[in-house]
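Read through the structure below, which is laid out as structure tokens, and then see the notes.
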Amino acid sequence: MNNSEYESEYEKYRKKAEEYINDREKTRNLLDQAAKKAKKQGPLDKIWDDIQLMFGLLGDWLSGTYKVSTGTILAILGAVIYFVTPIDAIADFIPVLGWMDDAAVFTLVINQIRAELDRYKEWKR
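What follows is the structure, encoded as structure tokens:
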């Protein structure tokens, strides 16, 4: 798949994220699922620190300790939903390849929200 195909696939999940934005419990469960699934290996290894920042930002937003735009939260939620969905562009049970599309979607979102991730990282210090 190329970048525009990943963007198109990701947009479906970003729209689904709107179902989560006002349901903190549903979002907390999603974050828990993602944290259990995430492993610092293969294609996720290169972006691991940024994935952890995204998870942390989402968690701090959930707890009310960090304020961030709705657009940023929707972008993160879209990526996390894509990540926890076992059958997406490339099924996760396919060794290595199954995580490549997840890494591509995370990278897409990381690039979109880079400035916010940097602000969050500073705020955490």
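According to full-length UniProt numbering, the sequence shown is numbered sequentially starting from 1.
Using N, Cα and C, we set each Cβ at its ideal position, and we do this for glycine too.
Distance, residue j Cα to residue i Cα
| i | j | result |
| --- | --- | --- |
| residue 58 | residue 100 | 22 Å |
| residue 16 | residue 111 | 20 Å |
| residue 14 | residue 22 | 14 Å |
| residue 62 | residue 38 | 19 Å |
| residue 119 | residue 73 | 14 Å |
| residue 11 | residue 78 | 8 Å |
Where residue i falls, given that 16 or more other Cβ within 10 Å makes a residue buried
| i | result |
| --- | --- |
| residue 64 | exposed |
| residue 102 | buried |
| residue 115 | exposed |
> Does the pairing of the segment 3-22 with the segment 61-69 give three or more beta-carbon distances under 8 Å?
Replying inline: The answer is no - the segment 61-69 does not touch the segment 3-22, with fewer than three Cβ pairs under 8 Å.
> Going along the chain, which unbroken runs of the alpha helix (DSSP H) with 4 or more residues stay wholly within the segment 23-97?
Replying inline: Runs found: 24-37, 48-63, 70-84.
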